[in-house]
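Report on the following structure.
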Amino acid sequence: MAFSKIEQARTIQLQHLQLNFLNPAGLLKLKISSWANKSRCSGLKRDGDIIDIDSIQDLLIQNGEKMPLKGLEGDAANGLWDWIQEFKDLKMWQLLDSSYKGH
Numbered sequence: 003m004a005f006s007k008i009e010q011a012r013t014i015q016l017q018h019l020q021l022n023f024l025n026p027a028g029l030l031k032l033k034i035s036s037w038a039n040k041s042r043c044s045g046l047k048r049d050g051d052i053i054d055i056d057s058i059q060d061l062l063i064q065n066g067e068k069m070p071l072k073g074l075e076g077d078a079a080n081g082l083w084d085w086i087q088e089f090k091d092l093k094m095w096q097l098l099d100s101s102y103k104g105h
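Counting from 1, position 15 in the sequence shown corresponds to residue 17 in the numbering used here; the numbering is continuous, with no gaps.
Put into structure tokens, the structure is as follows:
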């Protein structure tokens, strides 16, 4: 699944329901945080998460977007490091934040 362009985050409210849409960088951070959960990165949702993370990362890079990675903490930092260790793609992540050197 590829995204065609970056859209601004929006909030939609309908009576008792509110939906918040994350911008692509926020969604990528959320997805990479979930990668710290071992059951998530080895379970049934693994393939879908790989596609989502790769697609969002590609979208940001293609649009020249930057995303701070160096200061990530907790699950976001651990998930990103686990991802990089598995897929050996540090250079791709450095296209989003050239100051990021790893965990």
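Cβ atoms here follow ideal geometry from the backbone N, Cα and C, with glycine treated the same way. Note that the structure is a prediction, hence the values are computed from the model and not measured.
{"query": "Glu67 vs Leu92 beta-carbon contact at 9 Å", "result": "no"}
{"query": "Close-in-space but distant-in-sequence residues of the same chain around Ile63 (CB under 6 Å, 5 per side omitted)", "result": "Leu97"}
{"query": "Assigned secondary structure, Gln59 (DSSP; H/G/I helix, E/B strand, else coil)", "result": "helix"}
{"query": "Close beta carbons around Leu30, own chain, < 6 Å, minus the five adjacent residues each side", "result": "Ile58"}
{"query": "Range of the contiguous alpha helix (DSSP H) that encloses Trp37", "result": "First-last for Trp37: undefined, no H or E at that position."}
{"query": "Whole-number beta carbon distance between Asp51 and Ser36, since they are thought to touch under 8 Å", "result": "7 Å"}
{"query": "Simplified DSSP state of Leu29, which is helix, strand or coil", "result": "helix"}
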